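Using this note's numbering, you'd call the opening residue of the first sequence number 196 and step up by one each time. A virtual CB, placed ideally from N, CA and C, is assigned to each residue, including glycine. Since this is a predicted model, take the numbers as computed values, not measurements.
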Amino acid sequence: MSNIIINIQKAVAEAVFQCYGEQTEPAKVQVNPTPSDFTGDYSVVIFPFVKVSKKSPDATAQEIGTILVETVPELKAFNVIKGFLNLEISDAYWNAFLHAALANPTYGRHPKNGHKVMVEFSSPNTNKPLHLGHVRNILLGWSCAQLQEAAGSEVVKVQIINDRGVAICKSMVSWKRYSNGNTPETLGQKGDHFVGDAYVLFDGKVKEEYEQWQQTEAAQQFFQEKHKPTQTEKDFFKDYKNKWFNEFSELGTDVREMLLLWEQGDPETMDLWRKMNGWVYSGFDKTYHDLGVSFDKLYYESNTYLLGKDIVEDGLKKAVFFKKEDGSVWVDLTDAGHDEKVVLRADGTSVYITQDLGTARMRYEDFGCDRVVYVVADEQNYHFQVLFEVLKRLEEPYAAGLHHLSYGLVELPTGRMKTREGTVVDADELMEELINIATAQSVERGELDALSAEERRETVRKVAMGALKFFIIKVHPKKRMIFNPEETVDLQGQTGPYIQFSYVRINSLMQRVAKEQVDLGAAAAYHDIQPQEKELLRALHDYPALVLHAAKEYDPSLIANYCYALAKAYHKFWHDLSVFNADTPEARAFRLQLSSSTGRVLKSAMQLIGIEMPEKM
RNA sequence: GGUCUCGUAGCUCAAUGGAUAGAGCACCUGCCUUCUAAGCAGGCGGCUACAGGUUCGACCCCUGUCGGGAUCACCA
């Protein structure tokens with residue numbers, strides 16, 4: 196059945212042409228939900244037509260309204276207030292809509308659109324466990340993938356694991372020097388935390404070494420010779436730390452040697468590297484599992500960091516790149532408002548962007564996706580502008596379908612999270628804490644007493660994760676987020692559990708329907724639809740269009756806010772109207788069907804943002 | 001300094017250029033003898049950072065100012 200809003204738009208365009216002889220594009224006709232203080236379901240904004248009608252807004256609205264009611268059978272009546280044409284939809288239309296929506300098990304999901312989309316998200320380093328920032332990235336990426344799929348695209352979910360480089364070498368050196376042969380198994384610790392601890396320990400040891408070094412004569416002499424007149428000793432050594440680490444530090448030397456051995460493929464080093472990364476991966480697997488996400492394909496930086504050389508050759512051939520005297524290769528983006536960027540060093544080694552160019556091409560060869568979404572924090576906006584511009588100039592076949600889903604950092608009230616200051620909100624700890632809170636509240640409520648221990652755990656887990664995920668997804672991606680660990684995450688109000696609770700209420704009705712074998716056939720005879728019911732119908736009606744819109748905007752927060760609005764409408768409906776104990780069999784059947792549809796849409800929409808619905812709570 | 005981005009209630013967030021800018025938290029008041037009160041209803045709380053402009057109409061678009069953040073590496 197056709198969408199009523201589209202019908203109205205079409206009919207308005209025709210009416211405008213008929214009355215005033217002006218062509219209007221139907222899609223441009225503004226049709227909004229009517230605010231609750233006015234009579235009507237949808238309102239047409241008349242102001243844009245006043246110019247061609249050469250009449251007052253109200254008179255124009257009257258004319259158009261009269262024609263609409265004649266030509267659109269689903270319209271019952273209209274009224275005009277201050278240039279707004281308010282339209283009332285017939286109960287028959289709503290009833291037919293409800294019936295059709297209920298008959299469609301995939302309501303809100305769209306048919307295949309022929310696109311193949313790759314979504315890259317998470318992409319962690321292997322030297323520390325996942326934290327709240329990763330959680331935002333992961334949830335955004337996952338939701339984005341779900342959304343694209345619901346909008347009809349085929350989706351491939353990938354991550355690039357940054358498994359090489361200085362960071363992991365630090366953890367390796369640390370383990371060799373200080374672990375006494377301990378492993379995650381011997382300590383009963385999660386592997387990623389074990390390796391992360393080694394990294395933090397290393398950082399501390401470096402600091403110790405640096406402080407000791409500063410006391411030496413050589414260091415003091417250095418300070419005397421090199422410091423700027425205005426610099427205190429403290430400031431000087433603060434600025435000098437990197438240089439010292441690379442030139443004088445014993446630990447720094449160890450790390451550089453480790454990196455060199457790794458690059459040479461030294462067997463012992465490779466073994467240690469594989470062993471430690473293996474620990475990290477087993478830890479990540481657990482966290483990903485707890486977050487309810489998975490990937491179709493993992494890429495490892497150790498396999499991709501040398502890529503991109505052939506694309507550089509290609510770029511030189513196409514004269515997109517040029518070579519400087521020293522042999523380094525560049526791309527000139529000054530005409531696009533950027534600078535000249537290096538893509539290959541004089542010694543022939545890759546830089547960051549070279550890797551990304553090569554990886555982009557390799558992944559296209561692997562999957563042939565015509566669109567790629569990179570879920571990466573907004574620190575890298577510039578990098579992606581450059582990357583996309585270069586790929587466009589290289590005329591890569593997927594270049595038009597590239598999108599950087601850029602999101603703001605998660606910060607504490609005191610500012611950025613810092614590993615060194617121990618203010619990082621750990622993903623595993625956060626989830627555990629939320630589960631504890633949800634468990635306490637659940638025990639107090641006592642609704643789950645009849646369930647087995649296993650079922651109780653599972654339910655509480657869904658509630659806790661629902662709270663966390665909704666908390667993160669409801670905020671528009673590009674905004675930075677403040678997370679206050681003192682306040683944790685609410686379970687009441689505008690939250691995931693609030694939405695889950697509306698579903699649980701519906702579920703309890705549906706169980707009674709099944710048990711008492713209620714016949715819902717009488718619903719078709721229901722008329723006199725109440726405002727609370729209308730609110731729900733209109734929200735359900737909007738769902739498919741919303742999915743497309745959110746997918747197009749790459750914005751899961753639209754779905755989260757929709758879920759909240761729908762749940763809110765349902766809670767009010769539940770409070771104001773009797774469902775099972777309705778006055779008439781028609782009303783009861785209709786409201787049960789309405790409840791059933793609402794439950795299904797809620798479940799479907801929440802699934803798009805990675806939130807599961809409990810049956811009870 | 002250049003570029004990008006954000007600025008909405010005490011706090012956390014909404015609002016395809018449309019009607020009186022909405023929610024939640026916090027604080028106060030009511031509502032469980034009828035389908036689960038993680039709920040519902042009400043109160044308090046706003047010169048949408050500021051100044052101009054475009055428009056019938058601006059939180060939204062344009063210009064400028066102020067404030068926060070990011071970025072401008074042969075680091076990743």
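### Reference asparagine 308; option with closest CA among Asp286, Ser318, Glu344, Cys339
Here residue 308 corresponds to residue number 113 of the first sequence, with the count starting at 1. Checked all of Asp286, Ser318, Glu344, Cys339; the closest Cα to asparagine 308 is Glu344.
#### Entry: Distance between threonine 301 and alanine 222 (C-alpha atoms, nearest Å)
In the first sequence, counting from the first residue as 1, residue 222 sits at position 27. In the first sequence, counting from the first residue as 1, residue 301 sits at position 106. Distance between alanine 222 and threonine 301, taken at the CA atoms: about 26 Å.
### Message
Taking only three categories from DSSP, how would you classify histidine 294?
### Response
For the purposes of this step, residue 294 is identified with residue 99 of the first sequence, where counting begins at 1. Looking at histidine 294 - three-state DSSP - the assignment turns out to be helix.
### Task
Would you check if the region 316-326 and the region 738-746 touch, i.e. whether three or more CB-CB distances between them fall below 8 Å?
no
### Task
Check the DSSP bridge columns for methionine 676 and list the partner residues they point to.
If you number the first sequence from 1, residue 676 lands on position 481. Beta-bridge pairing links methionine 676 to Val605.
### Task
Taking the CB atoms as reference points, tell me whether aspartate 466 and arginine 615 lie closer together than 8 Å.
By 1-based counting over the first sequence, the position of residue 466 is 271. By 1-based counting over the first sequence, the position of residue 615 is 420. Not closer than 8 Å, so no.
### Query
Given alanine 633, which residues of its chain have a CB within under 6 Å of its CB, disregarding the five upstream and five downstream residues?
Along the first sequence, read from residue 1 onward, the residue named residue 633 stands at position 438. Hits under 6 Å: Val655, Val658, Ala659.
### Query
When the Cα atoms are used, what is the spatial distance from methionine 557 to aspartate 534?
By 1-based counting over the first sequence, the position of residue 557 is 362. By 1-based counting over the first sequence, the position of residue 534 is 339. Between methionine 557 and aspartate 534, the C-alpha separation is close to 26 Å.
### Query
Counting Cβ pairs closer than 8 Å, one from the region 387-397 and one from the region 416-430, do we hit at least three?
no
### Query
For asparagine 198, which option in Asp253, Ala555, Thr234, Ile284 has the closest C-alpha, if you only look at C-alpha atoms?
As a first step, residue 198 must be located in the first sequence, where it is residue number 3. Of Asp253, Ala555, Thr234, Ile284, the residue nearest in Cα terms is Ile284.
### Task
Pull up the distance between the alpha-carbon of isoleucine 724 and that of alanine 764, whole angstroms please.
As a working note, residue 724 is residue 529 in the first sequence. As a working note, residue 764 is residue 569 in the first sequence. So the two alpha carbons sit approximately 15 Å from each other.
### Query
Helix, strand or coil: how does DSSP classify glycine 399 here?
Position 204 of the first sequence, counted from the first residue, corresponds to residue 399. If DSSP states are grouped into helix, strand and coil, glycine 399 belongs with the helices.
### Query
Near valine 570, which residues of its chain fall below 6 Å by C-beta distance, leaving aside the five closest residues on each side in sequence?
As a working note, residue 570 is residue 375 in the first sequence. Result list for valine 570: Phe316, Asn332, Leu335, Gly336, Leu600, in chain order.
### Query
Of the choices Leu446, Ala709, Ala746, Met812, whose alpha-carbon is the least far from that of arginine 775?
Residue 775 sits at position 580 when you count from the first residue of the first sequence. It should be noted that the sequence gives phenylalanine, not arginine, for residue 775. Nearest option by C-alpha distance: Ala709.
### Task
Report the three-state DSSP secondary structure of alanine 272 (helix, strand or coil).
By one-based count along the first sequence, residue 272 stands at place 77. Residue state, collapsed to three classes: strand.
### Query
Is DSSP giving isoleucine 694 helix, strand or coil here?
Within the first sequence, numbered from 1, the residue matching residue 694 stands at position 499. Helix.
### Message
Considering only the alpha carbon of each residue, which of Met471, Glu404, Tyr373, Ala555 lies closest to phenylalanine 579?
### Response
Translated into the one-based positions of the first sequence, residue 579 becomes position 384. Cα-wise, what sits closest to phenylalanine 579 is Ala555.
### Assigned exposure category for histidine 329 - 16 Cβ within 10 Å defines buried
For the purposes of this step, residue 329 is identified with residue 134 of the first sequence, where counting begins at 1. Classification of histidine 329: buried, given that the 10 Å Cβ count is 16 or more.
### Message
For the ligand COA, I want to know if glutamate 258 counts as a neighbour, meaning its beta carbon is within less than 7 Å of at least one of the ligand's heavy atoms.
### Response
This structure simply doesn't include the ligand COA, nor any ligand for that matter.
### Query
DSSP puts alanine 572 in a beta bridge; with which residues?
If you number the first sequence from 1, residue 572 lands on position 377. In the DSSP output, where bridge partners are listed per residue, alanine 572 has Tyr602.
#### Entry: Selection from Gly553, Leu789, Tyr593 that minimises the alpha carbon distance to asparagine 498
Taking the first sequence and counting its residues from 1, the one referred to as residue 498 is at position 303. The shortest Cα separation from asparagine 498 among Gly553, Leu789, Tyr593 belongs to Gly553.
### Query
Considering only C-alpha positions, which residue in the set Asp551, Pro726, Pro608 is nearest to leucine 501?
Your numbering for residue 501 matches position 306 in the first sequence. It is Asp551.
### Message
Pop quiz: leucine 293 and serine 792 are said to be a contact at Cβ under 8 Å. What is the actual Cβ separation, rounded to whole angstroms?
### Response
The count along the first sequence starts at 1 and reaches residue 293 at position 98. The count along the first sequence starts at 1 and reaches residue 792 at position 597. With 8 Å as the limit, leucine 293 and serine 792 qualify as a contact, their Cβ atoms being about 6 Å apart.
### Task
Have a look at Leu582, Thr609, Glu606 and flag the residue whose alpha-carbon is nearest the alpha-carbon of glycine 596.
Taking the first sequence and counting its residues from 1, the one referred to as residue 596 is at position 401. The candidate whose alpha carbon is nearest that of glycine 596 is Leu582.
### Endpoints, the alpha helix (DSSP H) within which glutamate 349 is located
Within the first sequence, the letter at position 154 stands for residue 349. That residue, glutamate 349, is in no alpha helix (DSSP H); its beta strand (DSSP E) goes 349-356.
#### Entry: For valine 524, three-class secondary structure by DSSP
If you number the first sequence from 1, residue 524 lands on position 329. Correct three-state label for valine 524: strand.
### Selected residue, minimal CA-CA separation from isoleucine 548, among Val275, Thr321, Thr779, Glu584
On the first sequence, residue 548 is found 353 positions in, with the first residue counted as 1. Comparing alpha carbon positions, the residue from Val275, Thr321, Thr779, Glu584 closest to isoleucine 548 is Glu584.
### Task
Quick one: give me the first and last residue of the alpha helix (DSSP H) that tyrosine 765 is part of.
Mapped onto the first sequence, residue 765 falls at position 570. 751-771 is the span of the alpha helix (DSSP H), which, as asked, contains tyrosine 765.
#### Entry: Host alpha helix (DSSP H) of serine 238 (start-end)
Residue numbering aside, residue 238 sits at position 43 when the first sequence is read from its first letter. Serine 238 -> not in any alpha helix (DSSP H); beta strand (DSSP E) instead, spanning 237-240.
### Query
Which word fits asparagine 631, buried or exposed, when buried means at least 16 other C-beta atoms lie within 10 angstroms of its C-beta?
As a position in the first sequence, residue 631 is number 436, starting the count at 1. Its Cβ having fewer than 16 others within 10 Å, asparagine 631 is exposed.
### Query
Under 8 Å, do glycine 478 and lysine 385 count as touching if we go by C-beta distance?
Taking the first sequence and counting its residues from 1, one reaches residue 478 at position 283. Taking the first sequence and counting its residues from 1, one reaches residue 385 at position 190. Contact flag set, yes.
#### Entry: Start-to-end residues for the beta strand (DSSP E) that takes in valine 684
Numbered from its first residue, the first sequence carries residue 684 at position 489. No beta strand (DSSP E) contains valine 684, which DSSP labels as neither H nor E.
### For asparagine 227, the residue or residues it bridges with in DSSP
Residue 227 sits at position 32 when you count from the first residue of the first sequence. Looking at the DSSP output, asparagine 227 shares a beta bridge with Ser238.
### Message
With a threshold of 8 Å, are at least 3 pairs of Cβ atoms found where one atom belongs to the region 635-652 and the other to the region 709-719?
### Response
no
### Task
May I ask you to list the residues that DSSP assigns as paired with asparagine 441?
Along the first sequence, one-based indexing puts residue 441 at 246. According to DSSP, which records beta bridges pairwise, asparagine 441 is partnered with nothing at all.
### Task
In the DSSP assignment, find the unbroken beta strand (DSSP E) run with glutamate 315 in it and report its ends.
Position 120 of the first sequence, counted from the first residue, corresponds to residue 315. Residues 311-315.
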